[in-house]
Amino acid sequence: MSLSTALKTGDVTLLPSRRDENWRWTDLRALIRDLPAGADAETVGYDGPFAALGGQERVWVNGHAGGDSQITVEAGDRVAVGFRFISTRPSGNASRVSVRVRPGGRLVLLESYEAAADGAIAAVDLDIEVQDGGRMERIVLAADQAQSITVSIAEVTLGAAAAYAQTLLTTGARRQRLETRVAHPGADASVRLDGAYLLADQRHADLTTIVTHGGVDGATSQLTKGVVRDQARGVFQGRIVVEPGADRTDARMGHHALILSDRAEVDAKPELLIFADDVQCAHGNTIGALDKEAIFYAMQRGMSVDQARAMLTTAFVGEVIDRIEDDGAREIARGWASRQLEGAGD
Amino acid sequence: MLSIKNLHASVADKPILKGLTLEVPAGEVHAIMGPNGAGKSTLSYVLTGRQGYEVTEGSATLNGEDLLALEANERAAKGVFLSFQYPLEIPGVPALTFIRTAMNAQRKARGEEEIAAPAFLKLARETAASLKIDFEMLKRSLNVGFSGGEKKRMEIFQMAMLSPRFLILDETDSGLDIDALKIVSAGVNAMRSPERGMLVITHYQRLLDYIKPDRVHVLSAGRIVASGGPELAHELEAEGYDKYVQVAA
Chain W
1370 MSLSTALKTG
1380 DVTLLPSRRD
1390 ENWRWTDLRA
1400 LIRDLPAGAD
1410 AETVGYDGPF
1420 AALGGQERVW
1430 VNGHAGGDSQ
1440 ITVEAGDRVA
1450 VGFRFISTRP
1460 SGNASRVSVR
1470 VRPGGRLVLL
1480 ESYEAAADGA
1490 IAAVDLDIEV
1500 QDGGRMERIV
1510 LAADQAQSIT
1520 VSIAEVTLGA
1530 AAAYAQTLLT
1540 TGARRQRLET
1550 RVAHPGADAS
1560 VRLDGAYLLA
1570 DQRHADLTTI
1580 VTHGGVDGAT
1590 SQLTKGVVRD
1600 QARGVFQGRI
1610 VVEPGADRTD
1620 ARMGHHALIL
1630 SDRAEVDAKP
1640 ELLIFADDVQ
1650 CAHGNTIGAL
1660 DKEAIFYAMQ
1670 RGMSVDQARA
1680 MLTTAFVGEV
1690 IDRIEDDGAR
1700 EIARGWASRQ
1710 LEGAGD
Chain A
162 MLSIKNLHAS
172 VADKPILKGL
182 TLEVPAGEVH
192 AIMGPNGAGK
202 STLSYVLTGR
212 QGYEVTEGSA
222 TLNGEDLLAL
232 EANERAAKGV
242 FLSFQYPLEI
252 PGVPALTFIR
262 TAMNAQRKAR
272 GEEEIAAPAF
282 LKLARETAAS
292 LKIDFEMLKR
302 SLNVGFSGGE
312 KKRMEIFQMA
322 MLSPRFLILD
332 ETDSGLDIDA
342 LKIVSAGVNA
352 MRSPERGMLV
362 ITHYQRLLDY
372 IKPDRVHVLS
382 AGRIVASGGP
392 ELAHELEAEG
402 YDKYVQVAA
């Protein structure tokens, strides 16, 4: 059951619902009565959030690929590419793309979700393969509309000594799920899965990750942070599975959220499922409010309460942004996040 | 300068200050000494507008302006600075960013122009050198991983940068070794001026060997129960607070 299958068939009974444990906090079946029809491809005349970095980009408009739906980075090549998923109509649309990084290749993927029309329902599926010794960094800015519904699922397969890093930044939508599934071979491959959700009003964002360590000597590091206010709802589901025999796995997961109003909500489910003996795994999960003493301290120095709160929330999220490796993308992400948090002191 | 009249204040409905009256004229340094629980820190928080500290009676004015009607940040913009007993750690905010944001917020509140980056950095370098603070430390998150002495030095650094009109030092000597105490005291003494007043809150006389007060007041059970010259601090050091605790009771 998935949103993309439901969109293709028009059958709402195929939508994931709370009866799936994995979707209990992001129930689409109860939300969507009718699936909207698709819309035609259109030309989009404005820049995406990563435009300042230049480089090639692929654009999907209302689910229609503007070019080839697959990209291959050849051995030894270094490539930066932008993927833009845009809904210009309140339509239903599904996009699929595959990415392959050959041995020793390097890719920086700058991905953006740009709902231009409110009320669109979009499904995006990415198949990502990073072969032996390849490196890939994926940075996602999800700027959806308040009434949009988006589900993005990335299936990631890694070769030996491959490095995969991603940072998802989102302001949520009516319902939004950004899911990442990683088949981790161990074998000196490394994975970093980070994210930040910055939610206001009645927006919802669900960051779900599943990493399966299938072999010895693998590393995974995860840091997700959230700031929710008004009646927004953040969901974090992080699962790390260490299969039998996947010894010397080093896996660390952190999820930390700030709740800035009484009616906001965060649901978190960190899971470590360990079936091997010789592993190092740890997780930390905290949910709290801004430190009132720190706010007073900043106010005593002259900052207004709004300024103090915005500074502290921006710093809180900054730890995630700082881990972005690509310099240009990191600064764009930083600016984007601080604009989203400007109103966080209200 | 600072004028406090019959000040009563409560924390969680418990009266802490019970009719405190105090005048600190411009150019003078006054010390407040007293036993634990006398209300010393409460006084500093009431004057700076911390939430949860409720004034039930009395007044506090700075140069005739009612402080108690203002928000904490408005009081800061009027020139009231508190050096915290326990300075906060602010992860993710470099010390320089924090101070520049604070400085510009104060300037904006006073209708002044923001300080330009080069002027700010020049001032920061000079001030850091005078307080023997490694400039690189100012690029790190404010107070995160700093020792007790470094945190206090960072308070004095902020004070020197913001150049307030009235300083409140809350137990600034706590956690300082003798070398740090000398540096911090020299930094405070450098700020003495005919236009500036200071209130030095301390439990021990030691700090007052370095920051010499014009007047010493004894705070006990929420009121000033004795006032005198610097000799009063020595008397307290020798005899303790016992007789003042009895007076207040």
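Chains as they are written, first to last, in the working numbering: chain W, 1370 to 1715; chain A, 162 to 410.
By construction, the Cβ of each residue, glycine as well, lies at the ideal position given by its N, Cα and C atoms.
For A:Val361, no CB of chain W lies under 9 Å from its own CB, so it is not counted at the interface with that chain.
Contact fails between the segment 297-313 of chain A and the segment 273-281 of chain A, because fewer than three Cβ pairs, one in each stretch, are under 8 Å apart. Close CB contacts of A:Val345 within its chain, under the 7 Å cut and outside five residues either way in sequence, are with Lys313, Arg314, Ile317, Thr333, Leu337 (chain order). Relative to the Cα of A:Ser324, the nearest Cα in the group A:Ser244, A:Tyr214, A:Leu249 belongs to A:Ser244. If the five residues before and after A:Gln366 are omitted, its C-beta is found closer than 8 Å to the C-beta atoms of Met194, Ala394, His395, Leu397, Glu398, all from its own chain and listed in chain order. The shortest CA-to-CA distance from W:Thr1618 to any of W:Ile1690, W:Asp1586, W:Ala1658 is the one to W:Asp1586. Only exposed fits W:Ala1406, as fewer than 16 other CB atoms lie within 10 angstroms of its CB. Taking 9 Å as the CB threshold, W:Thr1683 lines the interface with chain A. The residues Thr1593, Phe1605, Gly1607, Ala1637, Pro1639, Asn1654, in chain order, have a CB closer than 7 Å to that of W:His1624 in the same chain once the five nearest residues on each side in sequence are set aside. When Cβ-Cβ separations below 9 Å define contact, W:Tyr1666 makes contact with chain A. At a Cβ-Cβ threshold of 9 Å, W:Thr1395 and W:Arg1546 count as neighbours.
Look at A:Met264: its C-beta is under 9 Å from a C-beta on chain W. For W:Gln1709, no Cβ of chain A is located within less than 9 Å of the residue's own Cβ. For the segment 330-386 of chain A, the full-length beta strand (DSSP E) segments reaching 3 residues or more read 358-363, 376-381 along the chain. For the 9 Å CB-CB criterion, A:Ala173 and A:Thr209 do not form a contact. For W:Gly1607, the enclosing beta strand (DSSP E) begins and ends at 1602-1611. In this structure, W:Ala1530 and W:Gly1502 form a Cβ contact; the two beta carbons are roughly 5 Å apart against a cut-off of 8 Å. Around the beta carbon of W:Tyr1415, fewer than 16 other beta carbons sit within 10 angstroms, so the residue counts as exposed.
A straight-line Cα-Cα distance of about 10 Å links W:Thr1536 and W:Asp1691.
Any Cβ of chain W closer than 9 Å to the Cβ of A:Ser302 would place that residue at the interface, and such an atom is present. Going by DSSP, W:Arg1447 is part of the beta strand (DSSP E) stretching over 1447-1456. It is roughly 52 Å from the alpha-carbon of W:Arg1550 to the alpha-carbon of A:Lys293. The beta carbon of W:Ala1542 does not come within 9 Å of any beta carbon belonging to chain A, so the residue lies off that interface. Taking a Cβ-Cβ threshold of 9 Å, the residues of chain W close to A:Ala237 are Met1668, Gln1669, Arg1670, Gly1671, Met1672, in chain order. Under the Cβ distance rule, W:Asp1696 does not count among the residues neighbouring chain A, no pair being separated by less than 9 Å. Under the 9 Å criterion on CB atoms, A:Gly253 is classed as interfacial with respect to chain W. For W:Tyr1566, the enclosing beta strand (DSSP E) stretches over residues 1559-1568.
If you draw a 10 Å sphere on the C-beta of W:Arg1632, you find fewer than 16 other C-beta atoms in it, and that means exposed. In the three-state reduction of the DSSP assignment, W:Ile1401 falls in the coil class. Straight through space, the alpha carbons of A:Ile177 and W:Ala1523 are spaced by roughly 60 Å. Burial check for W:Val1560: the Cβ neighbour count within 10 Å reaches 16 or more, so the residue is buried. Interface criterion not met: the Cβ of W:Ala1658 is under 9 Å from no Cβ in chain A. Pairwise C-beta distances place the segment 1468-1484 of chain W in contact with the segment 1444-1459 of chain W, as three or more of them are shorter than 8 Å.
Per DSSP, the continuous alpha helix (DSSP H) segment holding W:Ala1375 begins and ends at 1372-1378. Counting along the chain, A:Pro279 sits inside the alpha helix (DSSP H) bounded by residues 278-291. Using beta-carbon distances, A:Gly210 counts as an interface residue toward chain W, with a partner under 9 Å.
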